[in-house]
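Student:
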Amino acid sequence: MIKASNIQKSFGKLHVLKGISMEVADGEIMTMIGPSGCGKTTFLRCLNGLESIDSGSIQVGNLEIRSGEPLLTEVLKKVRMRLGMVFQQFQLFPHFSVLENIIEAPVHVNAISRQEAVSIAMDLLRKLNLEDKAHSRPRELSGGQQQRVAIARALAMHPQALLFDEPTSALDPRMTGEMGALIRALAHDGLSILVVTHDMGFARRVADRVSVFDQGLIAEQGSPEQVFSNPQSAALRDLLTESA
Amino acid sequence: MIVNALATRLTQPVIVPEWLRLLKWNGILWLGLMLLSHSAKADSLERILKTGEFQFGSDMEGGAPYFIPNPLNSKMPSGFEADLLRAIGERIHAKPIIHQGQWDQLPQVLSRGDVDLICNGFELKPLLVQRFRATRPYFRYRLAMMTPQDSKIATWQDLLKSSPSGQKPRVGVLVNSAADDYLVKYAGDRIRIVRFDGATDAMLATRNGQIDATLQDEPAAIHYGARPEFQSRLKIATDRFGAGFYVIYVRKEDEKLALELDKAISGMVEDGSLKTIYEKYRLWHEEQALLAQPLAWQAVLNSTPEEDSANSGSKRLGFALMLLKAAAMTVFLSVVSMPLAMLIGLLVALGRLYGPKGIRPLLAIYVEFLRGTPLMLQLFFIYFIFPELFGFGLPAILASIIGLAVNYSAYESEIYRAGLQAIPEGQMEASLALGMTRKQALWRIIIPQATRIVIPPVTNDFIALFKDTSVCSVITIVELTKQYSILANSTLKVLEFAIATSVLYLAMSCPLSWFARHYERHLESENEN
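Protein chains in written order, with the working numbering: chain U, 491 to 734; chain W, 280 to 808.
So, in structure tokens, the structure goes:
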């Protein structure tokens, strides 16, 4: 369970998040949509501490980060280990092979044996249909394959949740469909999934619930059927007009 | 290559024109120009009489009491040899004009034709007599030894017997001077000779305890021994030895000029005006009477070098081994100081990019200071001035390694900074998101990637450092360039040694250049994928 309460965040004079609250249950998929600059990516980065928060609190399982409290690196580290992040540009480590990318954090952060890490990594690669790429370098892989390696790298830490930033931006329609299926399967295994996306169709198809961000606030929230068939906010109506 | 290597030496604080400095190291060019300039020359005396001026070569760097820079007249210093040349000038009706050059290079400057004569404590010796026309002597010199005030060494015999902690005593000399020759001949295997470019450098090192003694021509020992810098810190041994004569050298074809000079000096010996000059500088001693006895020097004037068998196999092998040993020193200095420079450079770059805000400007000053001052000056500081400030002297090798490593660390830090900044911010974020600490992310993810980027420029710097090791000769390190200089000047076989030295440098630096180019191509092809 991930619970964010009244998160506020400013960059200098720019008030980006004006009080975001959200709860995502285990096995639930939450997609976040909204116009550019609405704060949805910043919110995602606040969750795993890549950005500090000015006020509010973040709860991940029994761990809590509060604003104003000195950030204990140990707590932050544990929070990050529970939240896997898949970046828009994947950010694989180019000087490592696929396998080394995946075992890096288990070995050096979780301190499990290399042997065990390799067996976990090979399991993941098998499930993601990348077994034959274990010893390739990231640059030798297609965009879709790189994305799956990034997912495997996050999963190797046994997170409670996965955070996706624009997962479909580099994918063609068929690959987008496969990505949706993969996310559903991961949620089925009990992971909370948070997805920031511009892709309305994807947001609707994959989500259990949808949050519409607008100017640093959540304009509306609900099941995809509810939200998309009867948009309440101007922001969502504009988005639907644009993507139509 | 040698020209490149020595471009840095241009920073040396002397007045020789830059092009000359370059030329003196390049035997091939030097020889060519020498031939050109010689073919067009008649006896210099005619020109001297016509212009009323003659040019003489000398070295004012630590040159007292021979020549002392004169703030009132940059063309003519003071000093006892300056007084001598002025007096000679009056007798031949021409004005002396100084041409500054590094002392051990002056014979080559004379060969080139830049000066009409050289007069700077050059002793009458077969090697030079064979090549140049020597005048009659104008000074009877003796050698004097200087040791630290508290040293147990009081005489030459003490030195030969002494062996502090079982090591050979280290004795500093002016390179290729009479003292140098004397040590080689009479104490070669019982002491370690440390060669300096300037007489006072050897005294400084003795004072700082970096060497055990220095052998000097008596005039320099008396003059500097009385200076406040040395007076209470150095003592002059009681005995004198290794006596000989100073003469003026001119080119062989300038026989008429030489005869005029002979006549002038003889006149000064006879009428006592020479004695007057020497007494003014407190240099007159009873042995100067030998100046009036031609028999005392005639034998040397007519001699030929003992056996000029530089071509004989064993001698050649000996020279080759000396060059190889010096090349090994060049390699040693490079391979020890470059990794240090890279490590310090990396730490400085990390400090500037990720360190506490307070130290960032300090590190920026560190980089600017080291890049903005010459390596030679930094070496001087570490070797000569550091002991003054902190009370203990570093051995020359350690001082060289520190100097090179610290100097190059400034350049490497800038390269590393660019390399680190080239790694996308997302790599750090991805590492943090996986639970790594910043430190882990730096050492496991960011630095390895940056290192791959910086390898080609760092390799280039390695080649530059490799050649810059020659600057360490100013603090007595005999590396390849210095060994070349010593051998070329002591045998006057400039061309042969210049070629051999160049070949050695190329043999060492070409593989490095090749590696740098190869690796760069490798990276390019990687990036294309």
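Cβ atoms here follow ideal geometry from the backbone N, Cα and C, with glycine treated the same way.
Counting only beta-carbon atoms, is Ala-599 (chain W) nearer than 8 Å to chain U?
Tutor: Chain U contact via Cβ: absent.
Student: Whose Cβ in chain U lies nearer than 8 Å to the Cβ of Leu-711 (chain W)?
Tutor: Ordered by position in chain U, the residues that pass the 8 Å Cβ test against Leu-711 (chain W) are Gly-539, Leu-540 and Arg-570.
Student: Within a Cβ cutoff of 7 Å, which residues of the same chain sit near Glu-539 (chain W), ignoring the five residues on either side of it in sequence?
Tutor: Hits under 7 Å: Leu-324 and Ile-371.
Student: Tell me Ala-413 (chain W)'s beta-bridge partners as DSSP assigns them.
Tutor: Answer is W:Tyr-528, bridged to Ala-413 (chain W).
Student: Counting C-beta neighbours from all protein chains within 10 Å, is the total for Phe-745 (chain W) 16 or more, i.e. buried, or is it exposed?
Tutor: Buried, by the Cβ-count rule.
Student: What does Arg-723 (chain W) reach in chain U if we use C-beta pairs closer than 8 Å?
Tutor: Ordered by position in chain U, the residues that pass the 8 Å Cβ test against Arg-723 (chain W) are Glu-594 and His-598.
Student: Going along the chain, which residues of its own chain have a beta-carbon closer than 7 Å to the beta-carbon of Gly-451 (chain W), five neighbours each way excluded?
Tutor: Cβ neighbours of Gly-451 (chain W) beyond the five flanking positions: Val-473, Phe-475, Ala-481, Ala-484, Thr-485, Ile-490 and Thr-493.
Student: For the alpha helix (DSSP H) that contains Glu-332 (chain W), what are its first and last residues?
Tutor: That residue, Glu-332 (chain W), is in no alpha helix (DSSP H); its beta strand (DSSP E) goes 332-337.
Student: Hey, how far is the Cα of Ile-724 (chain W) from the Cα of Ser-710 (chain W)?
Tutor: Whole-angstrom Cα-Cα distance: 8 Å.
Student: Report the residue from W:Gln-334, W:Pro-666 and W:Gln-510 whose alpha carbon sits nearest the alpha carbon of Gly-380 (chain W).
Tutor: Ranking W:Gln-334, W:Pro-666 and W:Gln-510 by Cα distance to Gly-380 (chain W) puts W:Gln-334 first.
Student: When DSSP builds the beta bridges, which residues end up paired with Gly-712 (chain U)?
Tutor: Answer is U:Val-700.
Student: Contact criterion: CB-CB distance below 8 Å. Does Met-522 (chain U) meet it with respect to chain W?
Tutor: By this cut-off, Met-522 (chain U) is not an interface position.
Student: Since Lys-567 (chain U) meets chain W, which of its residues come closer than 7 Å, beta carbon to beta carbon?
Tutor: By Cβ distance, chain W contributes Gly-714.
Student: Does the beta-carbon of His-598 (chain U) have 16 or more other beta-carbons within 10 angstroms, so that it is buried, or is it exposed?
Tutor: Result: buried.
Student: When we look at the beta-carbon of Ile-523 (chain U) and count the other beta-carbons within 10 Å, is it buried (16 or more) or exposed?
Tutor: Ile-523 (chain U) should be labelled buried.
Student: At which residues does the alpha helix (DSSP H) containing Ala-343 (chain W) begin and terminate?
Tutor: No alpha helix (DSSP H) contains Ala-343 (chain W), which DSSP labels as neither H nor E.
Student: Which of the three DSSP states, helix, strand or coil, is assigned to Gln-379 (chain W)?
Tutor: Three-state result, Gln-379 (chain W): strand.
Student: In three-state terms, what does DSSP make of Lys-374 (chain W)?
Tutor: If DSSP states are grouped into helix, strand and coil, Lys-374 (chain W) belongs with the strands.
Student: Taking C-beta pairs closer than 7 Å, name the residues in chain W that Pro-584 (chain U) reaches, listed in chain order.
Tutor: Per Cβ cutoff of 7 Å: Gln-728.
Student: Going along chain U, which residues have a C-beta under 9 Å from Gln-719 (chain W)?
Tutor: Neighbours of Gln-719 (chain W) on chain U, chain order: His-598 and Val-599.
Student: For chain U, find out if any of its Cβ atoms is closer than 8 Å to the Cβ of Gln-706 (chain W); answer yes or no.
Tutor: So, interface residue.
Student: Name, please, each residue of chain U whose Cβ falls closer than 8 Å to the Cβ of Arg-731 (chain W).
Tutor: Per Cβ cutoff of 8 Å: His-585.
Student: Cα-Cα, which of W:Asn-686, W:Ile-680, W:Tyr-763 and W:His-801 is closest to Ile-732 (chain W)?
Tutor: The candidate whose alpha carbon is nearest that of Ile-732 (chain W) is W:His-801.
Student: Any contact of the region 666-678 of chain W with the region 497-504 of chain W, i.e. 3+ C-beta pairs under 8 Å?
Tutor: Short answer: they don't touch.
Student: Under a Cβ-count criterion, where at least 16 other Cβ atoms within 10 Å of its own Cβ denotes burial, should Trp-256 (chain W) be classed as buried or exposed?
Tutor: There is simply no residue 256 (chain W) to check, as chain W begins at 280 and stops at 808 in what is shown.
Student: Pull up the distance between the alpha-carbon of Ser-692 (chain W) and that of Gly-539 (chain U), whole angstroms please.
Tutor: If you take the alpha carbons of Ser-692 (chain W) and Gly-539 (chain U), they lie about 31 Å apart.
Student: Closer than 8 Å by beta-carbon distance: list the chain W residues that pair up with Gln-581 (chain U), in chain order.
Tutor: Chain W residues near Gln-581 (chain U): Pro-703, Gly-705, Gln-706, Glu-708 and Ala-709.
Student: Would Leu-596 (chain W) be called buried (16 or more neighbouring beta carbons within 10 Å of its own) or exposed?
Tutor: That one is exposed.
Student: Counting beta carbon pairs with one atom in the region 560-576 of chain U and one in the region 587-594 of chain U, are three or more of them shorter than 8 Å?
Tutor: Judged by Cβ distances under 8 Å, the region 587-594 of chain U makes no contact with the region 560-576 of chain U, as fewer than three pairs qualify.
Student: To the nearest angstrom, how far is it from the Cα of Tyr-633 (chain W) to the Cα of Thr-426 (chain W)?
Tutor: The alpha-carbon atoms of Tyr-633 (chain W) and Thr-426 (chain W) are separated by roughly 51 Å.
Student: Alpha carbon to alpha carbon, how far is Ile-515 (chain W) from Asp-395 (chain W)?
Tutor: Distance between the alpha carbons of Ile-515 (chain W) and Asp-395 (chain W) is about 35 Å.
Student: Would Cys-789 (chain W) be called buried (16 or more neighbouring beta carbons within 10 Å of its own) or exposed?
Tutor: Counting Cβ neighbours within 10 Å, Cys-789 (chain W) comes out exposed, since fewer than 16 surround it.
Student: Using the C-alpha atoms, what's the distance from Leu-619 (chain W) back to Phe-418 (chain W)?
Tutor: Their Cα atoms are separated by approximately 50 Å.
Student: Over the uninterrupted alpha helix (DSSP H) stretch that includes Lys-404 (chain W), give me the two end residues.
Tutor: Element bounds for Lys-404 (chain W): n/a, residue is neither H nor E.
Student: Where DSSP assigns a beta bridge to Gln-498 (chain U), which residues make up the other side?
Tutor: Note: Gln-498 (chain U) sits in a beta bridge opposite U:Lys-508 and U:Ser-545.
Student: Could you confirm whether any beta carbon from chain W is found closer than 8 Å to the beta carbon of Phe-577 (chain U)?
Tutor: Yes, its Cβ sits closer than 8 Å to a Cβ of chain W.
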